[in-house]
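*Asks:* Heads up: the sequence lines are chains A and B, in that order. Counting in my numbering, the first sequence runs from 1 upward without gaps. Counting in my numbering, the second sequence runs from 1001 upward without gaps. For every residue, glycine included, the Cβ atom is placed at its ideal position computed from N, Cα and C. Here the structure is a predicted model, which is why all the values come from computation and not from measurement.
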Amino acid sequence: MIALLTAFTPIDDYSGVLGFDWGFLNSLWFVWLNMAFIIFVLSWLLYKPILQFLEKRRERIKNEIESAAENFKKSEESKATYETKLKGISGERDEILDTAKKTASAREAEIIAAAKSEASLIMERARREIEQEREKAKDEIHREIVQVSALMAERLIGSQLTTDDATRDRLLNQAIAELGAVEWKS
Amino acid sequence: MDFDITSIENSGYARLYFTDNIFITLDDTLISLWLIGIVLVVLAVVVRIKIKNFKEVPETKFQNIMEAIVEFFDGYATSIMTPKYRFLGNWFFGVFIFFFFANIIGITGLRNPTADLAVTFSMGLTTVVLMQYIGIRYNGARHFKEWLEPIFVFAPLNIISDLTKSVSLGMRLFANILSGLILMSLIYFLLPWWASIAIPGALSLVFDIFFGALQAYIFITLSMFFIMTKAPATE
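#1: In the structure shown, what three-state DSSP assignment does B:Phe1154 receive?
#2: What does DSSP give as the partner residues of B:Arg1172 in its beta bridges?
#3: Round the Cβ separation of B:Ile1218 and B:Leu1130 to the nearest angstrom and send it over; I've been treating them as touching at under 8 angstroms.
#4: B:Val1046 CB to nearest chain A CB: under 7 angstroms?
#5: Listing by chain order, which chain B residues have their CB less than 8 angstroms from the CB of A:Ser78?
#6: Rounded to whole angstroms, what is the Cα-Cα separation between B:Ala1231 and A:Ser27?
#7: Identify, in the order they occur along the chain, each residue of the same chain with its Cβ nearer than 6 angstroms to the Cβ of B:Phe1096, setting aside the five sequence neighbours on each side.
#8: Chain B partners of A:Ser43, CB-CB under 8 angstroms?
#9: Return the residue from the list B:Leu1222, B:Phe1225, B:Ser1179, B:Met1224 that minimises the CA-CA distance to B:Leu1203.
#10: In or out: B:His1143 buried (at least 16 other Cβ within 10 Å) or exposed?
#11: Can the beta-carbon of B:Thr1029 be found closer than 7 angstroms to that of B:Pro1113?
#12: Reducing DSSP to helix, strand and coil, say where B:Ala1115 ends up.
#13: Compare the Cα-Cα distances from B:Asp1208 to each of B:Leu1222, B:Glu1056, B:Tyr1188, B:Ile1177 and report the closest residue.
#14: Anyone know if the C-beta pair for B:Ala1115 and B:Leu1181 falls short of 7 angstroms?
#15: In this structure, does DSSP put B:Thr1060 in helix, strand or coil?
#16: Is it right to say B:Ala1102 is buried, meaning 16 or more other beta carbons lie within 10 angstroms of its own, or is it exposed?
#17: In whole angstroms, give me the CA-to-CA distance for A:Glu66 and A:Arg60.
#18: Using the Cα positions of A:Lys85 and A:Glu92, report the straight-line distance between them to the nearest angstrom.
#19: Among all the DSSP beta bridges, which residues are the ones paired with B:Thr1025?
#20: Using the beta-carbon of each residue, which ones in chain B are nearer than 9 angstroms to A:Ile65?
#21: Measuring only the C-alpha atoms, how far is B:Met1171 from B:Gly1124?
#22: Please decide whether A:Asn71 counts as near chain B, where near means a Cβ-Cβ distance under 7 angstroms.
#23: Are the beta-carbon atoms of A:Ile50 and B:Met1066 separated by less than 7 angstroms?
#24: Alpha carbon to alpha carbon, what distance is there between A:Glu140 and A:Gln174?
#25: Name the chain A residues whose beta carbon is nearer than 9 angstroms to that of B:Leu1033?
#26: Taking all protein chains shown into account, do 16 or more other C-beta atoms lie within 10 angstroms of the C-beta of B:Phe1098, making it buried, or fewer, making it exposed?
#27: Tell me which same chain residues have a C-beta within less than 7 angstroms of the C-beta of B:Lys1050, skipping the five on either side of it?
#28: Whose C-beta lies closer than 6 angstroms to the C-beta of B:Phe1121 among residues of the same chain, with five residues either side of it excluded?
#29: If you measure from the beta carbon of B:Val1129 to each beta carbon in chain A, is any gap under 7 angstroms?
#30: At 7 angstroms on the CB atoms, spell out the chain B contacts of A:Lys62, in chain order.
#31: Within 7 angstroms (strictly less), CB to CB, does B:Leu1040 reach chain A?
#32: Counting only C-beta atoms, is A:Ser27 closer than 7 angstroms to chain B at any point?
#33: Please classify B:Gly1109: does DSSP put it in a helix, a strand, or coil?
#34: Which word fits B:Trp1091, buried or exposed, when buried means at least 16 other C-beta atoms lie within 10 angstroms of its C-beta?
#35: 7 angstroms is my cut-off, CB to CB: does A:Gly88 come that close to chain B?
This is the structure:
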């Protein structure tokens, strides 16, 4: 502060606060050199290294983000391919199921048809057997009737031979009852 | 080269003569400039040593503060000068830090170096030189053609307009800081001792710190804008 007050009092050739003379011109270059040195040191030792440090870090982070984005893109791509593949697989599965269903239904129809035909065959056979049995039974009945007739004839003849009315009637009735029993049976 | 001790007796300043007309005056400006220089050079050396311990993820406050300052300044310089002229940020960072310290050193009672026109005017002249350098390097012959616009008669005016940028920059900073200095000295001088504790402190906050930081900021901002006027208009 004292220096400031003295600065206002020009002594000798000192210009004080403001003056354009040799003193000013000389302090201009000398002060510039001093400041340039300070500024150079600041920029060389402080600004540049920190800036480079920051730049390096920024570069590294940028690279990492880029590589992460690239990896993400790659994974997306592979995911897409897998998805399309999966979609294809589901289509394939549907196809397989379809064909399986078709073959199954065809096979089903075949089996049913075969079963039906077999059943009809069995039925036919059974019917034929029944028919045969019936024929056989008929034959047997005929035979029985013939036998019974023969028996009756035999009895009749026999009774006539006895000429006893009561015995003949008994025999006849017996024969008729026997015949009835036979007819009942069939 | 001889040391003129008589001038110390006359004005309080010593002078180092190289010839009759080339001499160095050892005045307050140089002393506080050297003090600031020592502080800043030590700071720079400390940073240079400590940067080896800087981690990718900042761990110390010192690293955080340094990174914040440098990153902020780099972003600011790049936003004004475009990334192409980003290298000029190297110079202006130094100018800004130096002027910032030079402007607020008034609070210690030392004379601000920036209250000397030689300091601010020489920096203004440097800006003018940088303007011409950028103009010639990136505009070539067009840089000189621009002096003849709109017609050749205007050439002297254009050249003077370029040169007076240094006066404009230098005078603005010098006058602001000097006015603050004078004001603060007068307040200290006029106030009785019991009032000279709180009031000058508050005013010193405004005139020394706030205006100091503001003027350093204005100086480099205007310098960068002036330089960009000489750069090619389109990238």
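*Replies:* By the coordinates alone:
#1: helix
#2: Paired residue(s): none; B:Arg1172 is not in a bridge.
#3: Wrong, their Cβ atoms sit about 17 angstroms apart, outside the cutoff.
#4: no
#5: Under the 8 angstroms cutoff, chain B gives no residues; its nearest Cβ is about 31 angstroms from A:Ser78.
#6: 31 angstroms
#7: Ala1216, Ile1220
#8: Asn1090, Trp1091, Phe1093, Gly1094
#9: B:Ser1179
#10: buried
#11: yes
#12: helix
#13: B:Ile1177
#14: yes
#15: coil
#16: buried
#17: 10 angstroms
#18: 10 angstroms
#19: B:Arg1015
#20: What A:Ile65 touches in chain B: nothing, since even the nearest Cβ is about 15 angstroms away.
#21: 9 angstroms
#22: no
#23: yes
#24: 21 angstroms
#25: Val31, Asn34, Met35, Ile38
#26: buried
#27: Phe1062
#28: Gly1170
#29: no
#30: Simply none; closest approach about 14 angstroms.
#31: yes
#32: yes
#33: coil
#34: buried
#35: no
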